[in-house]
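Those sequence lines, one after another, are chains W and F.
Mapping of the first sequence onto our numbering: residues 1 to 493, in sequence order.
Mapping of the second sequence onto our numbering: residues 1 to 153, in sequence order.
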Amino acid sequence: MAIPGKQVTVWGSMQCPYYVQKALAPLFGMEPEQIRVVQTETGGGFGGKEEYPNMIAGHAALLSWKAGGRAVKMIYDRREDMWATTKRHPSKTRIKAGFKRDGTLVVLDIDLLLDGGAYPTLSSVVLSRGTLHAAGPYKCDCTRVRGRVVMTNSVPYGAFRGFGAPQSIYAIEMHMNRSAQELGIDPAEIRRRNFLHKGDQMPTGQVIKEEIDLEMMMDRALELSSYQRKRSEFEEFNKRGETHRRGIGLSVFFHGSGFTGSGETRIGSEVAMRLTAQGGVEVLVANVEYGQGTNTVLAQIAAEACRIPPDLVEIHQPDTAAVPNSGPTVASRTTMITGKLVERASLELRKRLREPDDFTTAARQYLAEHGELKVTVRYEPSAEIHWDDETYRGEAYAAYAWSCDVAEVELDLIDCTARATNFVSVVECGRVINPLLAACQITSFPLRPMCRRFRSSLSSFRIRIPVPIRPKVSVRCPLMGRRPLSHRLWLKR
Amino acid sequence: MQISLTVNGKNYQVTPPPMKRLLDVLREDLAWTGTKEGCGEGECGACTAIMDGVLVLTCMVPICQAAGKHVTTIEGLAADGKLHRLQQAFLEKGGAQCGICTPGMIIAAAYYLEHPDEAEDIGEALAGNQCRCTGYTRIFESVKAASSLYSIV
Ligand code: FES
Ligand code: FES
Chain W
1 MAIPGKQVTV WGSMQCPYYV QKALAPLFGM EPEQIRVVQT ETGGGFGGKE EYPNMIAGHA
61 ALLSWKAGGR AVKMIYDRRE DMWATTKRHP SKTRIKAGFK RDGTLVVLDI DLLLDGGAYP
121 TLSSVVLSRG TLHAAGPYKC DCTRVRGRVV MTNSVPYGAF RGFGAPQSIY AIEMHMNRSA
181 QELGIDPAEI RRRNFLHKGD QMPTGQVIKE EIDLEMMMDR ALELSSYQRK RSEFEEFNKR
241 GETHRRGIGL SVFFHGSGFT GSGETRIGSE VAMRLTAQGG VEVLVANVEY GQGTNTVLAQ
301 IAAEACRIPP DLVEIHQPDT AAVPNSGPTV ASRTTMITGK LVERASLELR KRLREPDDFT
361 TAARQYLAEH GELKVTVRYE PSAEIHWDDE TYRGEAYAAY AWSCDVAEVE LDLIDCTARA
421 TNFVSVVECG RVINPLLAAC QITSFPLRPM CRRFRSSLSS FRIRIPVPIR PKVSVRCPLM
481 GRRPLSHRLW LKR
Chain F
1 MQISLTVNGK NYQVTPPPMK RLLDVLREDL AWTGTKEGCG EGECGACTAI MDGVLVLTCM
61 VPICQAAGKH VTTIEGLAAD GKLHRLQQAF LEKGGAQCGI CTPGMIIAAA YYLEHPDEAE
121 DIGEALAGNQ CRCTGYTRIF ESVKAASSLY SIV
């Protein structure tokens, strides 16, 4: 709703309300404060609602402006959505690697190319993350990564779960497999020989300061998936030359948490908290809940730090008129950055209440005497993190998550379908705040690549939706899933 | 065109254009916003509801076909302020994330619990419902948990 010369108000499903505010201010030639953006639930995000809502909000607001301030609602139907909103960047990566005969990596030359589509969107930032993840979790003292994004005539590409990293991780992991084959070494073994350890340097010069035991993680994943046994079993099976082929493969990777390099410093997130009449607290952040558990996790952190039951914690609806800019809800930063700020704000509240044993009573008393208590805290850059955008040297990310995945697939050569028959993932995700939510995220992430590989032919013009996975994660297209059983049996014979 | 229908036990008289989708009537005219729109073209199952004992995609039902029918949406499952066992199971097992698919999933699962012979397994029962967040495994676990509860009761 846009009232000429006065105020613009936008309601919508988005990950970053303050991005929309920032984009709309110049569009209407108004001060940011005159633009109010309110996030409404629900629906997933996955990066698709990072910067694109700016566009939709802008169009809706302009229409409303034209109509003299009448409320305008904009809905994309499925086809429009596929045409207009952002997708994952397609990529092409060339890798040249030099190994010693025993499989030790000595030189790595990577050339990463992203298709940027016809509009700039977030391509440069996606490229940055892609580049920084391109060398994988391997130690190599002589690494060169060249990253480019090119303009093409396709649909816009933008943020999408992993933000450029999955593309380059896929490339380096495939390359490790091929190298293993060339050298006659087991794919797990070649990885083991090159893993990064504490004290090693990444290509940006970042030295790993935390203990990380990738060998142990991989061993656990191999054991859980019976990797060695299945590898030989499948080889036997495939030699028989029946209508099916089976395979098992693994990948090991890391993912940087939070914004790249000095991004967090540049944003300078702010979080506010205030006492409520019930003697609890209200958390004021611009980070949004879209199913990943923001509200639950922040409430847990606030409750624990204030030492009150979680139901006394309220989370304000993300609304630029009411909450400070705690940064966008992207890059796995909400729990890590905003969560820490919520903790600091909670401790600050406790300090103002003079460290009470009973927070609730003290809060009520304070409110009766003074009327209100609200504290605001701001992100403070850590002295240990340096990043140089010019030379791309320094601490690219403050923290990393590490993972080893093993997947089994079965191909049906006759009806040309693939099924994922088992999937094991061992993840080092740091300190877990909410085990159920963390497990939910981890069990859900294999779905994406599986849909992409096996089921969907998702192109911008003919749209097929990637589709339900059955228990044990098998994958079929909708029509095939409904095929009469006898037909399938016949095919198999 | 005047149409009367029952939604979650309440009677309504509405006068929408006859081809207005049942989904829109539910959400816009009657404010039962629990039913979600995902694709709007019958592919995702987010808009699933039960109409006179049959599972329907409300985005594919023109309101004229719903005249005189009884519709049950997600809001009609919880009774006496207590969650339906499926809702409880989804909550405990992490069967819901963003919540867009959840109403349709739960309605389809509820239908399956009532008519277990109509589908071979939970996978088939939920074949028309898509979820982008959970990876399905936790949805299946939730339904399984609720169905084992079901057989005891
Ligand atoms: S909205 Fe009805 S099936 Fe997708
Ligand atoms: S929970 Fe988000 S689509 Fe299923």
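All residues carry an ideal CB built from backbone N, CA and C; glycine is no exception.
Values in this document were obtained by computation on a predicted structure and should not be read as measured data.
Ranked by Cα distance from arginine 36(W), the options Gly12(W), Gly47(W), Ala401(W), Ala398(W) are led by Gly12(W).
What isoleucine 107(F) touches in chain W, judged by beta-carbon distance under 8 angstroms, is nothing: the nearest beta carbon there is about 16 angstroms away. The C-beta distance from alanine 401(W) to histidine 255(W) rounds to 5 angstroms, short enough to meet the 8 angstroms contact threshold. Identification of chain F residues near arginine 78(W) by a Cβ-Cβ cut-off of 7 angstroms yields Cys39, Gly40, Glu41, ordered along the chain.
Not a single CB atom of chain W sits nearer than 7 angstroms to the CB of threonine 72(F). At a beta-carbon threshold of 7 angstroms, the residues of chain F lying near leucine 436(W) are Gly94, ordered along the chain. Taking one beta carbon from each stretch, the region 356-376 of chain W and the region 220-235 of chain W have fewer than 3 pairs nearer than 8 angstroms; the two do not touch.
Contacts with chain F (Cβ-Cβ distance below 7 angstroms) from the region 20-45 of chain W involve Thr42, Gly43, Gly44, listed in chain order. When C-alpha distances from alanine 110(F) are compared across Ala125(F), Gly81(F), Cys101(F), the shortest belongs to Ala125(F). Taking a contact as a CB-CB distance under 8 angstroms, the pair leucine 132(W) and threonine 260(W) counts as one, their CB atoms being some 7 angstroms apart. When rounded, the separation of the alpha-carbon atoms in arginine 78(W) and aspartate 389(W) is 39 angstroms. For a Cβ distance threshold of 9 angstroms, residue set Ala439, Cys440, Thr443, Ser444 of chain W lies close to arginine 138(F), ordered along the chain.
For tryptophan 402(W), the three-state secondary structure derived from DSSP is strand. Under the three-state reduction of DSSP, lysine 87(W) is assigned to strand. Put simply, the backbone Cα of histidine 244(W) is about 37 angstroms away from that of valine 155(W). Any Cβ of chain F closer than 7 angstroms to the Cβ of leucine 222(W) would place that residue at the interface, and such an atom is absent.
In this structure, ligand 2 has a non-hydrogen atom nearer than 6 angstroms to the beta-carbon of glycine 291(W).
The three-state secondary structure of histidine 255(W), taken from DSSP, is strand. Residue ranges of uninterrupted beta strand (DSSP E) with 3 or more members, entirely inside the region 215-276 of chain W and ordered along the chain, are 244-257, 270-275.
Within the region 291-320 of chain W, the residues whose Cβ lies closer than 9 angstroms to any Cβ of chain F are, in chain order, Gly291, Gln292, Gly293. From the beta-carbon of cysteine 133(F), the residues of chain W found nearer than 7 angstroms are Gly44, Gly291, Ser444. A distance filter of 6 angstroms between CB atoms and the heavy atoms of ligand 2 selects the following residues in sequence order: Gly44(W), Gly291(W), Ala96(F), Gln97(F), Cys98(F), Gly99(F), Ile100(F), Cys101(F), Thr102(F), Cys131(F), Arg132(F), Cys133(F), Thr134(F). With a cutoff of 6 angstroms, glycine 68(F) does not count as near ligand 1, since its C-beta is closer than that to no heavy atom of the ligand. Contact of glycine 99(F) with chain W by beta-carbon distance below 7 angstroms involves Thr42, Gly291. In the DSSP assignment, serine 444(W) falls within the alpha helix (DSSP H) that extends over 435-444. Interface flag for leucine 373(W) against chain F is unset, since no Cβ pair is found closer than 7 angstroms. In chain order, Gln21, Ala25 place their CB closer than 6 angstroms to the CB of proline 32(W), counting only its own chain and leaving out the 5 sequence neighbours on each side.
Annotated as distal: alanine 135(W) and leucine 112(W), with beta-carbon spacing of 7 angstroms or more. Selection Val38(W), Gly43(W), Pro4(W) evaluated against leucine 27(W) yields Pro4(W) as nearest (Cα-Cα). From the listed residues Pro328(W), Ala407(W), Lys6(W), the smallest Cα separation to tryptophan 65(W) is found for Lys6(W).
Distances between the C-beta of glycine 34(F) and the heavy atoms of ligand 1 are all 6 angstroms or more.
Here the alpha carbon of glycine 263(W) sits roughly 14 angstroms from the alpha carbon of threonine 334(W).
Between serine 251(W) and glutamate 348(W), the C-beta spacing is not below 7 angstroms. Closer than 6 angstroms to some heavy atom of ligand 1: that describes the Cβ of alanine 46(F).
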